Amino acid sequence: MVQLTDQEIASKADIQPIENIAVKAGIPKEALELYGKYKAKIDINQISGNEKDAKVVLVSAMNPTPAGEGKSTCTVGLSDAFNQLGKNVMVALREPSLGPVMGIKGGATGGGLAQVLPMEEINLHFNGDLHAITTANNALSAFIDNHIHQGNELNIDPRRVTWKRVLDMNDRALRQIVVGLGGPARGVPREDGFDITVASEIMAVLCLADDIIDLKNKIGEIVFGYTYDKTPVTVKELKVEGAVALLLKEAVKPNLVQTMEGTPALIHGGPFANIAHGCNSLIATNTARKLADIVVTECGFGSDLGGEKFMNIKARKGGFQPDAIVLVATVRALKMNGGVKKENLSEENTEAVISGIVNLEKHIENARKFGVEPVVALNDFVTDSDNEREAVLSWCREKGVRAALTKVWADGGRGGIDLAEAVLEVLESEQNFKHLYEDTLPVKEKIERIVTEVYGGEGVNFSDQAKRQIKEIEKNGWGDYPVCMAKSQYSLSDNPSKLGRPEGFTVTVREVIPKTGAGFVVALTGDIMTMPGLPKVPSAVHMDIDADGNSKGLF
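One rule links them: number in this note's numbering = place in the sequence shown (from 1) + 767.
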């Protein structure tokens, strides 16, 4: 029997007109802005909502591996399971970036019978949000260079312009460039570079704004460089925050789509979790909280990255808390953390599963560190053996951790009923959510606390440059910002080869960069890059389109 691809499964789905999904979600007709038959944007000003906000279920995971864990699949499947149990539920997800879609990951809309639709359009351009963010970011770059060229009234030092251009694609050749070459008529030469769009501050600002006016104000607070006497220069001093926000007037509206089982889904914003804060927009999450009783949302990568940032950045700025945390684990990932190579993951190896379970154990500890009880979702793969599955579930029972075998890829929402019931038990109990640190803690100590308590490291090595930057950050009044760690997703440490639960390690922070519009500081560790590169054989080589416009190879 030939197994269908996720894209082939999605193409056979019975997708409903988006107006039907809006009615189910309680979205009034005047709030709906149609983008074709199956997508829409929502005017949040037309949403009145419930008197009481919904419970928030955060889906995180153990450290990911190249074998794939299916976190988005579990997130979608869990929402469908709640739907089958008769709960008023919405799922809130991030938008896929074309960089990983064309690079190593392929599509990012779930898998099997647990997908959001229309998967092709969501993966390719969607409703134009990432293009608008790219344009807004690069318009600001043009305004900066034009100001310097046209007399430089603000006394901007071209050597100290920190703002980079962006592109929503993995393109290592653009990491470091020179602009303004060709003589006086073509501008002032200076070094520049590109980040990927999803690592941009415009993306972070859009995801952390409350509405369009808050978005404009946050853009105005962005520091894009420094004067010759090292004074910060903001966008509002250029007087273009309104123009930049204008380019985002449609992108700021959340996007409504649906799961394969007709559960309403909001997909909006897409920051990476290894180099950005890794959560969908506050606007989408808060809109879902007004419309539903339960909101299922995810954060990027493991609890050490997206999970920690959800707690310390998104939840802090949004003024809410997760009421339950789901940790996605797989037998395959546990075996890889237990020392098994990727090509041998299909072979039964219960000893490796138990050996690698120390990684999952740390992520369970992390959830409890924030005062929220976790539920382990053991995402089932056809190559898993009964002995391996039982080894994980038995270990969870012994540790007093709720766990459920989850088969949403094969069975859709029906395969997530056990997980949903376990999560409901947590939602019905009182949680004691708390942040890892207070705003007033010095930047250096915030970073050290994340490394020692969330990663399990012994300490932090700060480069001389990072020390100088922290000193300037605190001098300029930005010391109360939360920290957004940029770190490898594959390990609890900053060394991607250290799997399992490494001990005795230190993390090296090479740069600390203020993001004054977003309201956090980014700590770059190890060799993490803000503009990824494509792999030797990118996913793009498997993609194609036929004469009728049908695509293939997206997933």
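The beta carbon of each residue, even a glycine, is placed where N, CA and C say it ideally should be. Just so you know, these numbers come straight off a predicted model, no measurement behind them.
Supposed close pair ALA899, ALA1018 - CB separation, criterion 8 Å: For this step, residue 899 is matched to residue 132 along the sequence shown. For this step, residue 1018 is matched to residue 251 along the sequence shown. Yes, ALA899 and ALA1018 are in contact; Cβ-Cβ is about 4 Å, under 8 Å.
Beta carbon proximity, GLY949 to chain B, threshold 8 Å: Of the protein chains in this structure there is only one, and it is not chain B.
Complete runs of the beta strand (DSSP E) confined to the region 1002-1031 [at least 3 residues]: 1022-1026
Cβ pair VAL883, ILE1034 closer than 8 Å: Taking the sequence shown and counting its residues from 1, one reaches residue 883 at position 116. Taking the sequence shown and counting its residues from 1, one reaches residue 1034 at position 267. It is a contact, given that the beta carbons lie within the stated cut-off.
8 Å Cβ shell around LEU921 - same chain, five flanking residues per side excluded: Here residue 921 corresponds to residue number 154 of the sequence shown, with the count starting at 1. Hits under 8 Å: HIS914, THR994, VAL1000, GLU1004, LEU1005.
Nearest-angstrom Cα separation, counted from LYS1109 out to MET1103: In the sequence shown, counting from the first residue as 1, residue 1103 sits at position 336. In the sequence shown, counting from the first residue as 1, residue 1109 sits at position 342. Approximately 7 Å between the Cα atoms of the pair.
Helix, strand or coil at LEU1291 [DSSP, three-state]: Working through the sequence shown from its first residue, we reach residue 1291 at position 524. Here LEU1291 sits in strand by DSSP.
For ILE788 and GLY1316, the rounded distance between their alpha carbons: Numbered from its first residue, the sequence shown carries residue 1316 at position 549. Numbered from its first residue, the sequence shown carries residue 788 at position 21. When rounded, the distance between both Cα atoms is 26 Å.
Identity of the residues DSSP links to GLU800 by a beta bridge: Here residue 800 corresponds to residue number 33 of the sequence shown, with the count starting at 1. According to DSSP, which records beta bridges pairwise, GLU800 is partnered with LYS808.
Where the alpha helix (DSSP H) containing MET970 begins and where it ends: Position 203 of the sequence shown, counted from the first residue, corresponds to residue 970. Element bounds for MET970: 968-975.
Any non-hydrogen atom of the ligand SAM closer than 7 Å to TYR1222 Cβ: With respect to the ligand SAM, the structure shown offers nothing to examine, as it has no ligands at all.
Bridge partner(s) assigned by DSSP for GLY877: Locating residue 877 in the sequence shown gives position 110, where the first residue counts as 1. For GLY877, which the question treats as bridged, DSSP gives the partners GLN882.
Distance between GLY1182 and TRP1176 (C-alpha atoms, nearest Å): Here residue 1176 is taken as the residue at index 409 of the sequence shown, counted from 1. Here residue 1182 is taken as the residue at index 415 of the sequence shown, counted from 1. Those two C-alpha atoms are separated by around 8 Å.
Beta-carbon spacing of VAL933, THR964 below 8 Å: Indexing the sequence shown from 1 puts residue 933 at position 166. Indexing the sequence shown from 1 puts residue 964 at position 197. Against a cut-off of 8 Å, the Cβ pair of THR964 and VAL933 comes out as a contact.
Opposing strand residues paired with ASN1146 [DSSP bridges]: Counted from its first residue, the sequence shown places residue 1146 at position 379. Partner(s): THR1173.
Supposed close pair LEU941, MET1296 - CB separation, criterion 8 Å: The residue you call residue 941 lines up with position 174 of the sequence shown. The residue you call residue 1296 lines up with position 529 of the sequence shown. In fact, because the Cβ distance is near 11 Å, the residues do not count as touching under 8 Å.
C-beta atoms of PRO1269 and SER1258 nearer than 8 Å: By one-based count along the sequence shown, residue 1269 stands at place 502. By one-based count along the sequence shown, residue 1258 stands at place 491. Cβ atoms of PRO1269 and SER1258: closer than 8 Å.
C-alpha gap between GLU1118 and LYS1254, whole angstroms: Numbered from 1 along the sequence shown, position 351 holds the residue referred to as residue 1118. Numbered from 1 along the sequence shown, position 487 holds the residue referred to as residue 1254. Those two C-alpha atoms are separated by around 29 Å.
VAL1142 and ALA1096 closer than 8 Å at C-beta: Taking the first residue of the sequence shown as position 1, residue 1142 is located at position 375. Taking the first residue of the sequence shown as position 1, residue 1096 is located at position 329. Not in contact: VAL1142 and ALA1096 (Cβ atoms no closer than 8 Å).
Nearest-angstrom Cα separation, counted from ILE1312 out to LYS983: What you label residue 983 is simply residue 216 of the sequence shown in a count that begins at 1. What you label residue 1312 is simply residue 545 of the sequence shown in a count that begins at 1. So the alpha carbons of these two residues sit roughly 39 Å apart.
Alpha carbon of GLN1256 to alpha carbon of ARG926, nearest angstrom: Taking the sequence shown and counting its residues from 1, the one referred to as residue 1256 is at position 489. Taking the sequence shown and counting its residues from 1, the one referred to as residue 926 is at position 159. If you take the alpha carbons of GLN1256 and ARG926, they lie about 32 Å apart.
Among GLN917, GLU862, ILE871, GLY874, the one whose alpha carbon lies nearest that of LEU897: Indexing the sequence shown from 1 puts residue 897 at position 130. Comparing Cα positions, the closest option is GLU862.
Three-state secondary structure assigned by DSSP to PHE1039: For the purposes of this step, residue 1039 is taken as the residue at position 272 of the sequence shown. The answer is coil: DSSP assigns PHE1039 none of H, G, I, E or B.
Exposed unless 16 or more other CB atoms sit within 10 angstroms - verdict on ARG1099: The residue labelled residue 1099 in the question sits at position 332 within the sequence shown. Buried: at least 16 other Cβ atoms inside 10 Å.
Sequence-distant residues of the same chain with beta carbon closer than 6 Å to ASP1206, five excluded per side: Along the sequence shown, one-based indexing puts residue 1206 at 439. The answer, listed in chain order, is ASP1247.
Distance between beta carbons of LEU973 and GLY1036, contact taken as under 8 Å: In the sequence shown, counting from the first residue as 1, residue 1036 sits at position 269. In the sequence shown, counting from the first residue as 1, residue 973 sits at position 206. At roughly 6 Å, the Cβ-Cβ gap stays under 8 Å, so GLY1036 and LEU973 are in contact.
Chain-order list of residues whose beta-carbon lies under 7 Å from that of SER1260 (same chain, five-residue window excluded): Residue mapping note: residue 1260 aligns to position 493 of the sequence shown, counting from 1. Excluding positions up to five away in sequence, the list reads TYR1222, GLY1224, PRO1269, PHE1272, VAL1274.
Close-in-space but distant-in-sequence residues of the same chain around GLU1278 (CB under 7 Å, 5 per side omitted): Residue 1278 sits at position 511 when you count from the first residue of the sequence shown. Answer for GLU1278: GLN1232, ALA1233, GLN1236, LEU1291, listed in chain order.
Distance, GLU1220 Cα to ASN830 Cα: Within the sequence shown, numbered from 1, the residue matching residue 830 stands at position 63. Within the sequence shown, numbered from 1, the residue matching residue 1220 stands at position 453. If I take the Cα positions, the gap works out to 16 Å.
Nearest-angstrom Cβ-Cβ length linking ILE1124 and VAL1168, presumed shorter than 8 Å: Here residue 1124 is taken as the residue at index 357 of the sequence shown, counted from 1. Here residue 1168 is taken as the residue at index 401 of the sequence shown, counted from 1. So it is not a contact: roughly 11 Å between Cβ atoms.
Whole-angstrom distance between GLY879 and LYS779, CA atom to CA atom: Numbered from 1 along the sequence shown, position 12 holds the residue referred to as residue 779. Numbered from 1 along the sequence shown, position 112 holds the residue referred to as residue 879. Going from the Cα of LYS779 to the Cα of GLY879 covers about 11 Å.
Segment contact flag, the region 790-798 with the region 1020-1032, C-beta cutoff 8 Å, min 3 pairs: yes
Cβ-based neighbour list, ILE969, same chain, cut-off 7 Å, excluding 5 preceding and 5 following: Position 202 of the sequence shown holds residue 969. Cβ neighbours of ILE969 beyond the five flanking positions: ILE900, ALA903, ASN904.
Nearest-angstrom beta carbon gap, VAL1190 and VAL824 [assumed within contact, 8 Å]: By one-based count along the sequence shown, residue 824 stands at place 57. By one-based count along the sequence shown, residue 1190 stands at place 423. Sure, about 6 Å apart at Cβ, within 8 Å.
Terminal residues of the alpha helix (DSSP H) in which GLU920 lies: Translated into positions along the sequence shown, residue 920 becomes position 153. Per DSSP, GLU920 belongs to no alpha helix (DSSP H) and is neither H nor E.
Length of the line joining the Cα atoms of GLU1192 and GLU836: Locating residue 1192 in the sequence shown gives position 425, counting from the first residue. Locating residue 836 in the sequence shown gives position 69, counting from the first residue. In a straight line, the C-alpha of GLU1192 is about 24 Å away from that of GLU836.
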